[in-house]
Amino acid sequence: MVSYTFVAALGALPLAFAQSTSSGNDNTSASSSYTAASTAISSATPTGTGTASKQTVAVGKDDLKFTPDTIKASVGDEITFEFYPKNHSVVQAAFNDPCNPSDNGIFSGFIASSSGEADKAFTITVNDTKPIWLYCATLKPSPHCAAGMVAVINAPSSGPNTLDAFRKAAVKTNTSTAPDAVSGGIVETSSNGTSPTGGTTGTTTGTPKPTGAAPSLIINSGLVAGVAFLFAGLLL
Numbered sequence: 010m011v012s013y014t015f016v017a018a019l020g021a022l023p024l025a026f027a028q029s030t031s032s033g034n035d036n037t038s039a040s041s042s043y044t045a046a047s048t049a050i051s052s053a054t055p056t057g058t059g060t061a062s063k064q065t066v067a068v069g070k071d072d073l074k075f076t077p078d079t080i081k082a083s084v085g086d087e088i089t090f091e092f093y094p095k096n097h098s099v100v101q102a103a104f105n106d107p108c109n110p111s112d113n114g115i116f117s118g119f120i121a122s123s124s125g126e127a128d129k130a131f132t133i134t135v136n137d138t139k140p141i142w143l144y145c146a147t148l149k150p151s152p153h154c155a156a157g158m159v160a161v162i163n164a165p166s167s168g169p170n171t172l173d174a175f176r177k178a179a180v181k182t183n184t185s186t187a188p189d190a191v192s193g194g195i196v197e198t199s200s201n202g203t204s205p206t207g208g209t210t211g212t213t214t215g216t217p218k219p220t221g222a223a224p225s226l227i228i229n230s231g232l233v234a235g236v237a238f239l240f241a242g243l244l245l
């Protein structure tokens, strides 16, 4: 005769399996919640973006020249003019009127240096891609613009309006003029010969993968109960 304790133990099996199945479901739910949270964190992680470029132009470093004298820039780019002995300036002109300032154009003011790079620099931000014709308005010991000290930002890709044509027209003048005040940019302390650069490096944060929960053994509780009672009937 089989012990009633054994039968009771067999009868308790469905409850045990049910608890195991429930526990497995809880793990699955927790895993899903963790995955959702991880996805939300990943979505909130900022990604890096590029920044506008910064270029440097030396004014008067190589005799009466802008170096380089042809600059290609995009909207938002910054161009810093660094000044060398003895005294120079950056002035915007119309192509057909070299050595004379444009209305509301760029003017750095006159920035002097006795040796090496001046302690001041002039920085502009490019607002469009139209050509910007530049010259130096210093008059002593002789007019720099008439000596061919000119430059261009975003020269036309074709047509007669070239830097060479602008320079030839400037050489035919015998003087130059300048605005009354700095405009179109910012005069700031020079970085001692080193053009400031910068940028944002984008980083991507990987989303951690949750570890998988152990597989749950799912057994129909009704089937287990039936098997238990069958064994009990055979052993009585």
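Its first residue numbered 10, the sequence shown is counted upward by one per residue in this note's numbering. Even for Gly, the Cβ is constructed at its ideal location relative to N, Cα and C. Remember, predicted model here, so these are calculated numbers, not experimental data.
Neighbour-count burial assignment, residue i, 16 or more Cβ in a 10 Å radius
| i | result |
| --- | --- |
| valine 135 | buried |
| isoleucine 195 | exposed |
| proline 169 | exposed |
| threonine 89 | buried |
| proline 152 | buried |
| proline 2 | Nothing in the structure corresponds to residue 2, since the chain is present only between 10 and 245. |
| alanine 190 | exposed |
| glycine 193 | buried |
| serine 199 | buried |
| serine 124 | exposed |
| serine 167 | exposed |
Beta-carbon separation (whole angstroms), residue i vs residue j, contact threshold 8 Å
| i | j | result |
| --- | --- | --- |
| threonine 182 | cysteine 154 | 7 Å |
| isoleucine 141 | isoleucine 162 | 4 Å |
| phenylalanine 92 | methionine 158 | Actually they do not touch by this definition, with Cβ atoms about 12 Å apart. |
| threonine 147 | histidine 97 | 6 Å |
| valine 66 | aspartate 137 | At roughly 19 Å, the Cβ-Cβ gap does not stay under 8 Å, so valine 66 and aspartate 137 are not in contact. |
| phenylalanine 104 | alanine 187 | Rounded, the Cβ-Cβ distance is 18 Å, inconsistent with contact. |
Residues near residue i in its chain [Cβ-Cβ closer than 6 Å; skip 5 each side]
| i | result |
| --- | --- |
| proline 94 | Ser122 |
| serine 62 | Asp86 |
| arginine 176 | Gly157, Val159 |
| serine 185 | Cys108, Ala146, Pro152, Cys154 |
Alpha carbon of residue i to alpha carbon of residue j, nearest angstrom
| i | j | result |
| --- | --- | --- |
| valine 99 | cysteine 145 | 5 Å |
| proline 165 | alanine 82 | 12 Å |
| proline 110 | threonine 60 | 31 Å |
| alanine 174 | alanine 127 | 30 Å |
| valine 68 | aspartate 112 | 22 Å |
Close Cβ partners of residue i (< 7 Å) along its chain, the five nearest in sequence each way excluded
| i | result |
| --- | --- |
| lysine 70 | Thr76, Tyr93 |
| alanine 179 | Pro107, Cys108, Tyr144, Cys154, Ala155, Gly157, Val159 |
Cross-strand partners of residue i (DSSP beta bridge)
| i | result |
| --- | --- |
| leucine 143 | Gln101, Ala160 |
| alanine 67 | Thr76, Glu91 |
| glutamate 197 | Ala130 |
| phenylalanine 116 | Val100, Ser192 |
Own chain, CB closer than 8 Å to residue i, minus 5 neighbours either side, in chain order
| i | result |
| --- | --- |
| glycine 118 | Ser98, Phe131, Ala190, Val191, Val196 |
| lysine 139 | Asn163 |
| glycine 114 | Val100, Gln101, Ala102, Pro188, Ser192, Gly193 |
| threonine 79 | Ala160, Val161, Ala164, Leu172 |
| leucine 73 | Cys145, His153, Ala156, Gly157, Met158 |
Any C-beta of chain B under 9 Å from that of residue i
| i | result |
| --- | --- |
| proline 188 | In the structure shown, chain B does not exist; there is a single protein chain. |
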